[in-house]
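Heads up, the sequence shown is in the working numbering, so the first residue is 11 and it goes up one at a time. The beta-carbon is built from N, C-alpha and C at its ideal position, and this holds for glycine as well. For reference, the structure discussed in these notes is given below.
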Amino acid sequence: VFGKAPGTTTLFAVDRNENVIADLDIQVIHDLDRLRQSIRTLVPAGGSIDVTSVAGAIVLHGSVASATDAENLRRLASRFVGENEEVINQLKVTEPNQVNLRVRISEISRTAIKQFGFNFDILEGDFRFTSGSTFLNNPNALAGLNPFTLSGNPAGVALMNGGTLGALTISSLVDALEEIGLAKTLAEPNLTALSGETASFLAGGEFPIPVSQDNNAITVEFKEFGVSLSFTPTLISQNRISMKVRPEVSQLTTAGSVTVNGINIPALTTRRAETTVELASGQSFAIAGLLQEDFQDTVRQFPYLADIPILGELFKSEEFRRNESELVIIVTPYVVQPMASRDVPLPSDPLTRSQPRSNLNRAPTAALPRAVPVPAPATAARKAQLGAARFLFD
């Protein structure tokens, strides 16, 4: 007897004299023993995983360390079923399977950067840049600014008339550019999604577009504009994240607009990037090279006098401006897990007065660190406190 598909049947056999010689209940199931052996080969900790055959389907039970292991086991079990059969995955993932994405979308003035002498070192195309070498070619251009120091390796790069720039992160670089007016942050979305699911964000609006229909009817459709983001994370292991990111920045413009039946429909200028990367929790990557140029022609004139033929040119002036900007998108994913409501820090929690709250701790943590006064050395004489109080964070 050969089984063609999972199921049950009855085998009834008689001899020549019609005497019953066999009355058997036969059940055809999948080759679960071979599947269990394959699971132990694929997943070292496969002892907590069991498989059963129910109504022609394979059911996976137990727990695995990551969502990647669960997906690999599902694909393995699918090779033991037929085309019209299915695999029911009831595996539980013991590790956190949620990803928090912190994105910073900033616009940097290339015109001002060139005036001050900044120079980004481009590596491997337009989508990666570093600040590992001296990028301030003309320190004297910023002589009027106060020097400051960013945390990191003391043997850093000379910055701003005597300050030092140590192990600089990309986000710290944008902070420094914002302080001197060379950059502007457009949005800082913070999204959390399950592994394998998609999360989206939009900061902007919608503008109406009239659409002609049958019988001379006109309907209105709305198109989104502004700063948008969508991402799909996939946890590969405990600390590795594969992520598909699609940021976009668009704004209304009169360039390219059309007029239909007396209705002016604006156009959109769009800067968009889409990529898939793999990195560890807490690591950052940047997308740059999205450039934009704005041209402005301004005419100033005295009323009436500028309209005089020939002599009117003496009473008006024309100014032409060209502004260049570059969009920089900084993405940092974190593997996160839920926590109790009592552990969630609130904006009303006491913080130090020496730092803004937004810059106190950019990385998500279980709770904000407590401020601990710095003890004075035992041998040093007590002196009056000058300036803002200082604290240590543990």
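Measure how close the beta-carbons of residue i and residue j come, nearest whole angstrom, since I'm counting them as under 8 Å.
i: Pro-106; j: Val-346; result: 6 Å
i: Phe-235; j: Gly-266; result: Their Cβ separation, rounded to whole angstroms, is 14 Å, which puts Phe-235 and Gly-266 out of contact at 8 Å.
i: Ala-15; j: Gly-92; result: 7 Å
i: Arg-250; j: Ala-290; result: 6 Å
i: Phe-217; j: Pro-276; result: 7 Å
i: Ser-252; j: Thr-208; result: 14 Å between Cβ atoms; not a contact.
i: Arg-120; j: Glu-334; result: 4 Å
i: Gly-299; j: Tyr-344; result: About 26 Å; that fails the 8 Å criterion.
Please classify residue i: is it buried, with 16 or more other beta-carbons within 10 angstroms of its beta-carbon, or exposed?
i: Ile-190; result: exposed
i: Leu-245; result: buried
i: Arg-112; result: buried
i: Ala-350; result: exposed
i: Arg-50; result: exposed
i: Phe-312; result: exposed
i: Ile-115; result: buried
i: Val-24; result: exposed
i: Val-109; result: buried
i: Asn-29; result: exposed
i: Ser-327; result: exposed
i: Ser-1; result: No information on residue 1 is available, as it lies outside the stretch 11 to 404 that the chain covers here.
i: Asp-317; result: exposed
i: Ala-205; result: Here residue 205 turns out to be Ser, not Ala, going by the sequence shown. Looking at its Cβ environment, which holds 16 or more other Cβ atoms inside 10 Å, Ser-205 is buried.
i: Asp-79; result: buried
i: Glu-187; result: The sequence as given places Leu at residue 187; Glu does not occur at that position. The residue in question, Leu-187, is buried, as its Cβ has 16 or more Cβ neighbours within 10 Å.
i: Val-259; result: buried
Rounded to a whole number of angstroms, what is the C-alpha to C-alpha distance between residue i and residue j?
i: Ile-339; j: Ala-77; result: 28 Å
i: Ala-87; j: Ala-32; result: 35 Å
i: Gln-261; j: Val-237; result: 9 Å
i: Val-61; j: Leu-21; result: 27 Å
i: Pro-257; j: Pro-348; result: 26 Å
i: Ile-297; j: Leu-212; result: 19 Å
i: Gln-248; j: Ile-118; result: 35 Å
i: Asp-136; j: Leu-45; result: Low per-residue confidence applies at Asp-136: pLDDT is 33, beneath 50, and the placement is therefore not dependable enough to give any value.
i: Asp-185; j: Leu-301; result: 20 Å
i: Pro-197; j: Val-255; result: Looking at the sequence shown, residue 197 is not Pro but Ala. C-alpha separation (whole angstroms): 15 Å.
i: Arg-26; j: Leu-34; result: 19 Å
i: Ser-210; j: Phe-295; result: 19 Å
i: Tyr-314; j: Glu-323; result: 12 Å
i: Ile-320; j: Arg-310; result: 16 Å
i: Asn-225; j: Val-270; result: 17 Å
i: Asn-82; j: Gly-66; result: 21 Å
i: Val-1; j: Thr-104; result: A question about residue 1 goes unanswered here, because the residues of the chain that appear run from 11 up to 404.
i: Leu-201; j: Val-354; result: 16 Å
i: Val-97; j: Phe-12; result: 23 Å
i: Ser-358; j: Ala-75; result: 38 Å
i: Leu-356; j: Thr-195; result: 24 Å
i: Pro-199; j: Gly-272; result: 38 Å
i: Ile-228; j: Val-64; result: 56 Å
i: Asn-274; j: Arg-352; result: 53 Å
i: Glu-284; j: Ala-203; result: 18 Å
i: Glu-288; j: Val-268; result: 42 Å
Given a cut-off of 7 Å on the beta-carbon distance, is the pair residue i and residue j in contact?
i: Ile-68; j: His-40; result: yes
i: Pro-220; j: Val-230; result: yes
i: Arg-84; j: Asn-94; result: no
i: Thr-18; j: Gln-37; result: yes
i: Leu-337; j: Arg-282; result: no
i: Leu-70; j: Leu-42; result: no
i: Thr-279; j: Thr-263; result: yes
Just checking: is the beta-carbon of residue i within a distance shorter than 7 Å of some beta-carbon in chain D?
i: Glu-189; result: Among the protein chains of the structure shown there is no chain D, as only one such chain exists.
Query raised in the report: Of all the beta strand (DSSP E) runs that stay within the bounds of the segment 222 to 308, which reach a length of 3 or more residues?
Result: Correct list: 228 to 245, 250 to 270, 273 to 282, 285 to 290.
Query raised in the report: Along the chain, which unbroken stretches of the beta strand (DSSP E) at least 3 residues long are found entirely within the segment 20 to 81?
Result: 30 to 38, 59 to 64, 67 to 74
Requested in this report: Scan the segment 186 to 227 and note each continuous beta strand (DSSP E) run of 3 residues or more that stays entirely inside, going in chain order.
Outcome: List check, beta strand (DSSP E) in window: 193 to 197, 200 to 204, 209 to 222.
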